[in-house]
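> I'd like to ask you about the structure that follows.
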Amino acid sequence: MHRSQSSSSGRSSSSNYPYNRTPDDKDRRFDGDRGPGRAGGGDRRNLGPSDSQSLHNVKVKLGPVMAQPPASIPVVMPKEVQCNATKLDIRRAKPVWQYEMKLSGFRGKGENEVGVEIFRAAANDASKNSKYLAFNQIFLRLLEDYPSFFKSDEKDDLGNHKNLYVFDRSCLFYCSLDLLGTAEERKFTIESSKIPYQFRDFVHQFKTIEARLVKSRKLDIANAMTLPVEAQRPILQYLDILFDQFAYQQDKFLVFGDRMFFKDEGKEILSPNFLLKPGLQKNVRVTKECLVFQVDSKNTVFYAPQPLLSFLDTMRVPSRDLESPECSRDVLELLRGIAVRTTHLNAPRTFIISKMAKTSAKDTFFDRDGTDVSVCAYFAERYKRKLKYPEFLCVENRGSYYPIEVLEIIPGQRVPRHKMSDDLTAAMIKNCQMTPVQLNEKLRHHKEHAGFFNGNPILRASGVRIASQHIEARGQEVPAPIIIYKDSIQHLRQPNWRQGGGQYCQSGTIRKLAVVVDRRAVSEASQWIQKLVGQARSHGLLIEKTDVQVMECSSRDFQGIHETAGRLAKEGFDFLLFLSDSKDLHEAIKFSELKTRVPTQQVDPRSLRKGADTNGNIIHKMNLKSGGRNFEISTAPNHAAQFRVDLVKSLLTHTVIVAIEMSHPGAQSRFDRMMNIENPEPTSVGIAHTHDASGNIQHGRYFYVPRGSTVIKQKKLTDIVKNAIREFRAKQGHYPQRILIYRSGVSEGSFGEVIEHECSNIVNALKADSMTPAITMVVIQRKSNHRLLLPAKVLDYMSDKARPVEQNVTPGTCITSDVTNPRYPEFIMTSQRAILGTSKPIVGTIIFESNPRNRLPLDHLTQLTNALCYHLEIVTAPIALPAPLQSASHLAMRGLSNWKHALKIGAIKELGRELQMPPEEKEQLTKEQYDEMVQKALDRHSAVLDVTITNRRFWA
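With the first letter of the sequence shown counted as 1, position 228 gets the number 228 in UniProt numbering; the numbers rise by one all the way through.
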C-alpha cells in the first residue's frame, strides 16, 4: 500500500495549467459534489421560523388538478420594474447609404502587384486593437485628403461635420450622402507614411493602402418599425456601429464587438499579472412599440503589460522548468496565444506565442553566412547585448528564436476563460459584484464617457435621440410554490427555507458506503461519517453500512483510481465517497462510473469541519444519487384558490418536461487554425427529462455532435423524447398532453434552424409512432444584457449601504412586455435571491408551438418556470434556471469531461487522427458530408462513453 501524494506542490492539479498558484494560493472551493452550492445549500440555520411554516403530519388542502387549467390566471402581485434600456427616437433620423470600404495593402512591387486584403477579421485581441487604430487613422486621412468627394469640409461653427460619417473600422461605411451616384465604385490611395507612427503597426509592411468604396443599399432609419424583420437587421447593425463612433473618436476604449472596456483603467486582480478592466456591453433591439438601446456593465480580466519574464516569475514557474526541454510543453500551455513584442529592436516586432524551442539560447544554433551561431552569441555580436539568462529556453516564431528576456506582453489582451485558474475566476466574480445602486451609478458613468447622450455631435448629425430615463415596465412577482416533503409542507414567506427534520418524499438506500480518504485523514473521516449517517437517517436516507478506505494512489494516477473504484464495486459497495480537493480525482471517479455503475461523490476535506449545514447539502445529493427524491413542488393553496386550480401540479401531471443544453470545447488557438489542426473535442449535448407528475428529474443522458454545432440533427434527440413519453405513460397510466422543451444555448439568429430541424424532427418522429402531444419549445437565455431593477423613484433614493436583498427586485419578478421580443411570446424573469451584487434574469422565448389551437399560455409558462427554479433539490433556495435545464447543463459538462478523460487515458482515439485524409480528398467533401463522417465517428465513441446509471440523478 502506498500513501497518496500531496496535491499542494508547485504543480497544482486544480487547473489545466501547471503554473497557476500565487503566493496567497489557498485551497479551492468546488461546485457540484464538493461542497455547498452558491444558492444557499444545506439547512439555512440563519432563517427563523417565520420564514417558512412547517406543518408536520397535517393534511393541507391543495388546489384542484385539472387537465385543462383556465386559459388565463390573475396577477397576484403586480410590480413596477425598471429596465436597463432607454427608448430611441428615430422619427427625425436621417436616411443613410451603406457602403463596403475594402482596404488592401500594397508593398510597391510593381504595376501587376495584387493587393493584400487587410479588412478581414483579426485573429486575436492584439491584432484587433492594432488594426482598429490603423483603420481609424486611414478613415480620417480619407476624409482629409478627399474633401471634395466626401464633402468633409462642410462643418458647423464648432468644427463638427455637418454630414454623417460612420465607419466600423473594418469594411462597413455609412454616410448621409449618396457619394457614388450612378458609379459602381471608387478607389482611393493613402500613403502609409502619412499614418502617424504610433498607429502604423498593423500596416507597416505596406507602402500604400488602397480603399475601394462600393455602394450596398439605402437605409430608411426613420421608418424602421414599419419594415419587415429582414430589412430591420441592417438598420440595427448600423445603429450599433453608430453608437461606437464617439468611443472611436475619443480613443478611450478597447472595443470588441458589442463590448468596450476602458483602455487606461483597471485594477490588479489576484496577482500583478492580471488586470480587471471595467466596461460595458450595448445593443439596439426591437420591441413591439419602439427601438430601445440597452447598456449593461461588463468587466473582464486582461493580461497586464509587462516583461514576459516577470509574468513567468509571478506565475511561480521555477527556473529549472525554463531550462528543461521536458517542461517546454507546460510552459507553452501557459504562454500559448499571448501576443508579445520584442524589446531589442529599433522597430519592434510583434507575434503570437505558439511554439517553444526545445533548447536554450546558448544551445540553439542557426546558420549565419555559412557559420553555425548560437542565439546567445548572435545577441552579443549583433545587438551588443549579453543575455542574463542564456540557459532559458527560447520562443520560436517563423524560424526565428527569441530569448524570453527580450519579449514583453502587449497591452489590451483579454485572458481566455479556458486559461483562467479557479482562483482567478473566483476573484473576477467577487470583484465584479455590484449592488443595483452601484450598477445604476456605473451605467450613468459609462454612458457619459462612451457618448451615449444627445449632446454627442455624431448622434446629433444622425438625427437619432436617446430618452433620458430608463424604461419602466409593468410586471409582477410570480408567487413561490410550496415545498412538499414526506411529512411536512413548507409555505415560503422568504425564498430560502429550512428543511428542519423533514423527511425526503422518497428515501434512497445505500447498502454499503465506501469513504475513500488519505491515510492521514482516517481518524477524522471516521468521526465525520458517523455524524453524516445520523443526519442522513433523520431525513430518511438509510446508509446501512460504512467502511473507511485508504487511498492507495495519487490523485493523478488515473489507472490507480479506476482500479480502486472497480475493486470497491466488486466488493459490493454501492456508493463511493471520496474526500479530496483534487480536480483530477473528480474527473477520474466520474469516468469510473461508466464501468462500475456505482455513483460517486467527492467532498472537499474542509467540509468535515463545517457542521450540519454543509452535511445537509452533501446528504441531499447522496439521496438523489441513490435513487431518492428530496421534495416536490405545488402551487400554494392561497394562490391556487385565486387561480381556481393548482396550476403547477396540473401542468406537471399532464406534461413531460425535456431540457436540452450544450457544452462546447474551448476555442482553438490561432496556431491550431493556421496549421489546420483538428480539435479532438466535440460539443456535448446534455438532456434531462421528467417522468411523472412529481416533476422530479431522475433521467438524463448526454451524447456528442460535431464541434461548434448549435442545432441537433441527430436521431438520438427524437429517441430520447419518445422514451420520455413511454416512461411517463408507464408511471402515470396515461400519455402526456404536452411536451415542454426548455432549450438553452441558442441565439435568436438560430431560432429558424432549431425549428426546422429539432422541432420538426420531433413532431414527425412522434407522429410516426402515433403520439400526438402538443409540443412547445422555449429557448432560455441566461447570458443577455437584460437587468430588472427597482423603479427609479425607489432606487435613485436608496443608499448603497442598504443590503443587496433590499436593493434588488424580489425573486419571481417577471415582465412580459415593453422590452420583450415583438415576434415571439417572451418573458424576462429573476427567480433567484441576490445575496451579493445584482441579480441577473433569464429570458424565456416560446419559439415553437406544434398545435396553434393548444398553445401554452405565457402566464402558465412563467408560473411553472418560476416554480421549477425551486426544484433543484440540492439546495433549499431558488436558482436562476429551471431545475431540468440545470440538470441538462450538468450532464453536458459531464459528457465533455468524460470525453477529455477518455482521451487522456487512451480509451478513445483523437478524431483528428481517425478522420485524417489527404487535403485534396477533404476539399472534395461538402460540409454536410464531412459533418456526417465526424458524427459517425462520434457515435462509435459514444458506445464507450454512454451513460450506464439509470433511474437516478447520478450527476447531482
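Note that beta-carbon positions come from the ideal geometry of N, C-alpha and C, so glycine has one too.
Assign glycine 48 to one of three DSSP states: helix, strand, or coil.
Position 48 of the sequence shown holds residue 48. The pLDDT assigned to glycine 48 is 38, lower than 50, so where the model puts this residue is not dependable, and the model offers no usable value.
> Pop quiz: isoleucine 775 and serine 850 are said to be a contact at Cβ under 8 Å. What is the actual Cβ separation, rounded to whole angstroms?
Sequence index remark: in the sequence shown, residue 775 carries index 775 (1-based). Sequence index remark: in the sequence shown, residue 850 carries index 850 (1-based). At roughly 4 Å, the Cβ-Cβ gap stays under 8 Å, so isoleucine 775 and serine 850 are in contact.
> So, helix, strand or coil for alanine 39, using DSSP?
In the sequence shown, the residue the question calls residue 39 occupies position 39. Confidence at alanine 39 is low in this model, with a pLDDT of 37, below 50, so its placement is unreliable and the value that follows should be read with caution. In this structure, alanine 39 counts as coil in the three-state DSSP scheme.
> Please report the distance separating the alpha-carbon of isoleucine 949 from that of arginine 233.
For the purposes of this step, residue 949 is taken as the residue at position 949 of the sequence shown. For the purposes of this step, residue 233 is taken as the residue at position 233 of the sequence shown. Taking the straight line from one Cα to the other gives about 47 Å.
> Give me, in chain order, the residues of the same chain whose beta-carbon lies closer than 7 Å to that of aspartate 886; leave out the 5 immediate sequence neighbours on both sides.
Residue mapping note: residue 886 aligns to position 886 of the sequence shown, counting from 1. One detail in the question is off: residue 886 reads as glutamine in this sequence, not aspartate. If we look at glutamine 886 and ignore the five residues flanking it on each side, its Cβ neighbours are Leu872 and Ile879.
> Among Leu270, Leu239, Tyr165 and Lys187, whose alpha-carbon lies nearest the alpha-carbon of leucine 103?
Stepping through the sequence shown from its first residue, residue 103 is reached at position 103. Residue Lys187 is the option with its Cα nearest to leucine 103.
> So the beta strand (DSSP E) glycine 475 belongs to, where does it begin and stop?
Looking up residue 475 in the sequence shown gives position 475. That run of the beta strand (DSSP E) goes 472-477.
> What is the residue span of the alpha helix (DSSP H) that cysteine 376 lies within?
Indexing the sequence shown from 1 puts residue 376 at position 376. 375-382 is the span of the alpha helix (DSSP H), which, as asked, contains cysteine 376.
> Classify leucine 180 as helix, strand or coil using the three-state DSSP reduction.
Residue 180 sits at position 180 when you count from the first residue of the sequence shown. Leucine 180: coil per DSSP, three-state reduction.
> Please go through the same chain and pick out, in chain order, the residues whose beta-carbon is closer than 8 Å to the beta-carbon of proline 49, but skip the five residues on each side of it.
Locating residue 49 in the sequence shown gives position 49, counting from the first residue. Any reading at proline 49 needs caution, since the residue's pLDDT is 37, under 50, leaving its predicted position unreliable; the model's value is listed next. Hits under 8 Å: none found.
> Residue 980: which of Met662, Ser784, Pro706 and Val809 sits nearest, CA to CA?
Outside the displayed range of the chain (1 to 956) lies residue 980, so it cannot be described from this structure.
> Keeping to the same chain, check which residues put their C-beta closer than 7 Å to that of serine 9; ignore five residues upstream and five downstream.
Stepping through the sequence shown from its first residue, residue 9 is reached at position 9. Confidence in serine 9 is poor, its pLDDT being 35 and thus under 50, which makes the residue's placement unreliable; the coordinate value appears in the next sentence. Here the set comprises nothing.
> Start and end of the alpha helix (DSSP H) containing glycine 752?
Stepping through the sequence shown from its first residue, residue 752 is reached at position 752. First-last of the alpha helix (DSSP H) with glycine 752: 751-754.
> Ignoring anything shorter than 3 residues, give me the beta strand (DSSP E) runs that lie fully in the stretch 526-557, in order along the chain.
List check, beta strand (DSSP E) in window: 546-550.
> Can you list, in chain order, the residues of its chain whose CB lies under 6 Å from that of leucine 332, leaving out five sequence neighbours each side?
Sequence index remark: in the sequence shown, residue 332 carries index 332 (1-based). Cβ neighbours of leucine 332 beyond the five flanking positions: Met356.
> By the three-class DSSP mapping on this structure, what secondary structure does tyrosine 132 have?
Position 132 of the sequence shown, counting from 1, holds the residue named residue 132. Tyrosine 132: helix per DSSP, three-state reduction.
> Could you say if the stretch 643-650 and the stretch 528-545 meet the contact criterion of at least three C-beta pairs nearer than 8 Å?
No contact exists between the stretch 643-650 and the stretch 528-545.
> In terms of alpha-carbon separation, which member of Gln137, Glu806 and Leu624 lies closest to glutamine 506?
Here the question's residue 506 lines up with position 506 in the sequence shown. Considering only alpha carbons, the answer is Leu624.
> Compute the Euclidean distance between the alpha carbons of residue 962 and glutamine 935, then round it to the nearest angstrom.
Since the displayed the chain opens at 1 and closes at 956, residue 962 lies outside it and no answer follows.
> Can you find at least 3 beta carbon pairs, one from the stretch 822-831 and one from the stretch 860-870, that sit closer than 8 Å?
Yes, since at least three Cβ pairs between the stretch 822-831 and the stretch 860-870 fall closer than 8 Å, the two stretches touch.
> CA-CA distance, serine 592 and alanine 877?
Walking along the sequence shown from the start, residue 592 turns up at place 592. Walking along the sequence shown from the start, residue 877 turns up at place 877. Taking the straight line joining both Cα atoms gives about 31 Å.
> Per the contact definition of three or more C-beta pairs closer than 8 Å, is the stretch 496-516 in contact with the stretch 536-555?
As far as the Cβ criterion goes, the stretch 536-555 touches the stretch 496-516, which means the pair count is three or higher.
> State the DSSP-derived secondary structure class of arginine 940, mapped to helix, strand or coil.
As a first step, residue 940 is located in the sequence shown; it is residue number 940 there, counting from the start. Here arginine 940 sits in helix by DSSP.
> Please list, in chain order, all residues of the same chain as lysine 358 whose beta carbon is under 8 Å from its beta carbon, the five residues on each side excluded.
Against the sequence shown, residue 358 aligns to sequence position 358. If we look at lysine 358 and ignore the five residues flanking it on each side, its Cβ neighbours are Pro325, Ser328 and Leu393.
> Rank Ile815, Pro411 and His786 by C-alpha distance to the C-alpha of asparagine 283 and give the top, closest one.
As a position in the sequence shown, residue 283 is number 283, starting the count at 1. Nearest option by C-alpha distance: His786.
> Please determine if the stretch 174-192 and the stretch 145-157 are in contact, where contact requires at least 3 C-beta pairs separated by less than 8 Å.
Yes, the stretch 174-192 is in contact with the stretch 145-157.
> Quick test of the definition: if touching needs 3 or more C-beta pairs under 8 Å, does the stretch 709-723 touch the stretch 915-922?
No, the stretch 709-723 is not in contact with the stretch 915-922.
> Whole-angstrom Cβ separation of serine 889 and glutamate 587, contact assumed at under 8 Å?
In the sequence shown, residue 889 corresponds to position 889, counting from 1. In the sequence shown, residue 587 corresponds to position 587, counting from 1. So it is not a contact: roughly 17 Å between Cβ atoms.
> Have a look at Ala467, Lys442 and Leu443 and flag the residue whose alpha-carbon is nearest the alpha-carbon of asparagine 454.
Stepping through the sequence shown from its first residue, residue 454 is reached at position 454. Closest option to asparagine 454, Cα to Cα, is Ala467.
> Nearest to leucine 164 by alpha carbon, out of Asp178, Val843 and Met893?
Taking the sequence shown and counting its residues from 1, one reaches residue 164 at position 164. Nearest of Asp178, Val843 and Met893 to leucine 164, Cα basis: Asp178.
> Taking all protein chains shown into account, decide if alanine 347 is buried (16 or more other Cβ within 10 angstroms of its Cβ) or exposed.
As a first step, residue 347 is located in the sequence shown; it is residue number 347 there, counting from the start. The residue is exposed, with fewer than 16 neighbouring Cβ atoms inside 10 Å.
> Within this structure, are the beta carbons of lysine 362 and proline 390 separated by less than 8 Å?
As a first step, residue 362 must be located in the sequence shown, where it is residue number 362. As a first step, residue 390 must be located in the sequence shown, where it is residue number 390. For lysine 362 and proline 390, yes; Cβs fall inside 8 Å.
> Are serine 297 and histidine 449 closer than 8 Å when you measure CB to CB?
The count along the sequence shown starts at 1 and reaches residue 297 at position 297. The count along the sequence shown starts at 1 and reaches residue 449 at position 449. No; because the gap between Cβ atoms is not below 8 Å, this pair is not in contact.
> What first and last residue would you give for the alpha helix (DSSP H) that runs through alanine 688?
Translated into positions along the sequence shown, residue 688 becomes position 688. It is not in any alpha helix (DSSP H) - alanine 688 instead sits in the beta strand (DSSP E) that spans 683-690.
> Judging by CA-CA distance, which residue of Asp244, Tyr303 and Gln469 is the nearest neighbour of tyrosine 174?
By one-based count along the sequence shown, residue 174 stands at place 174. That would be Asp244, whose Cα lies nearest to the Cα of tyrosine 174.
> Can you name the start and end residues of the alpha helix (DSSP H) that tryptophan 97 belongs to?
Residue numbering aside, residue 97 sits at position 97 when the sequence shown is read from its first letter. That residue, tryptophan 97, is in no alpha helix (DSSP H); its beta strand (DSSP E) goes 96-106.
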